Amino acid sequence: MGTRGRRALLRCVAPLASGLLVAALLAGCDANIVPTASPSPIPTPAQATVPLGPTALVTLAEPTSPAPTESATLPPETAVRPSADGDTTPPSSGEVGGPPGFGSSAFRATGGSQRIPPKYTCDGIDVSPPLEWSVGNPDQVAEFAIVVTDPDAHDFTHWVVARIPGTDTGLDEGAGDPNAGNGLLQGQNGFGSIGWRGPCPPAGSTHHYHFALYAFASAPDLTDAPTADKVRQAGGTPEVAFEALYGH
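Quick note: to get our numbering, add 9 to the position in the sequence shown (first position is 1).
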């Protein structure tokens, strides 16, 4: 074939070869393209997992706020006051017409028992404690009286006080001082004196002290430093009572 013939043939073959080359290249590119799956959704905190080993997985729960819990801080201890029928009630506010109750704001319950602070005993300045009460029918009371005894020492008397006005709902600290000039009738205690004489149990012992409130519909005939027995026999009604402890 002559030179002119070869040139004519190349002009015909070149476009065809170029097309075949392009097709081959495109086919090769298509062969290297790997279809990809749709992107996986990002796991939410509730679905997230953490691999612990080749097969073990643990699911992480979605964090939640802790449920409200009752405060661990407890209110200050309060005195428990036994009523006349043996039931216990929380400290009375002392308001006239309130539920029957009797106690002292100076005493606090420890292990279910009220404790008398040393201030009101022979180990302290020995003054009578503050007291408060409430009775069921205050409008029917002319006078009150209080008797404090130690049943662990054969009802030894620590305080007898009468002529407390029926409108009163408590006594202030120190009301057991016979020289206080408060108009109260102070009785005889077991120490042979008049007025309040606080707990003084033997060393190494703990005694109970019984506080009893008596109500009188009319003024009783009590004079000349009455004893505990005279108050009990004067016709009053034992309204409410409570016990407290003191010891060393």
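Each residue gets a CB set at the ideal place from its N, CA and C atoms; glycine is no exception. Model, not experiment: these values are computed from the prediction.
With DSSP run on the structure shown, which of helix, strand or coil describes residue i?
{"i": "Val156", "result": "strand"}
{"i": "Gln149", "result": "helix"}
{"i": "Val240", "result": "helix"}
{"i": "Ala139", "result": "According to the sequence provided, residue 139 is Pro. The question's Ala does not apply to it. In the structure shown, Pro139 sits in coil (DSSP, three-state: anything other than H, G, I, E or B)."}
{"i": "Ala253", "result": "strand"}
{"i": "Val189", "result": "The amino acid at residue 189 is misidentified as Val; the sequence shows Ala. Correct three-state label for Ala189: coil."}
{"i": "Pro247", "result": "strand"}
Going by DSSP, what residue range makes up the beta strand (DSSP E) through residue i?
{"i": "Val169", "result": "Phe165 to Pro174"}
{"i": "Leu222", "result": "Thr215 to Phe225"}
{"i": "Arg206", "result": "Looking at the DSSP string, Arg206 is not in any beta strand (DSSP E), and its letter there is neither H nor E."}
{"i": "Gln123", "result": "Ser122 to Arg124"}
{"i": "Phe116", "result": "Counting along the chain, Phe116 falls outside any beta strand (DSSP E), and DSSP gives it neither H nor E."}
Report buried or exposed for residue i, applying the criterion of at least 16 other Cβ atoms within 10 angstroms of its Cβ.
{"i": "Asn198", "result": "buried"}
{"i": "Pro147", "result": "buried"}
{"i": "Ser113", "result": "buried"}
{"i": "His163", "result": "exposed"}
{"i": "Ser214", "result": "exposed"}
{"i": "Asp238", "result": "exposed"}
{"i": "Thr176", "result": "exposed"}
{"i": "Thr1", "result": "In the structure as shown, the chain starts at 10 and stops at 257, and residue 1 therefore has no counterpart that could be examined."}
{"i": "Phe251", "result": "buried"}
{"i": "Phe165", "result": "buried"}
Is the region 123–139 touching the region 231–241, taking contact as three or more C-beta pairs under 8 Å?
-> no
Taking 8 Å as the threshold, find out whether the region 199–216 comes into contact with the region 123–135 through three or more Cβ pairs.
-> yes
Touch check for the region 211–222 and the region 144–159: three-plus C-beta pairs under 8 Å?
-> yes
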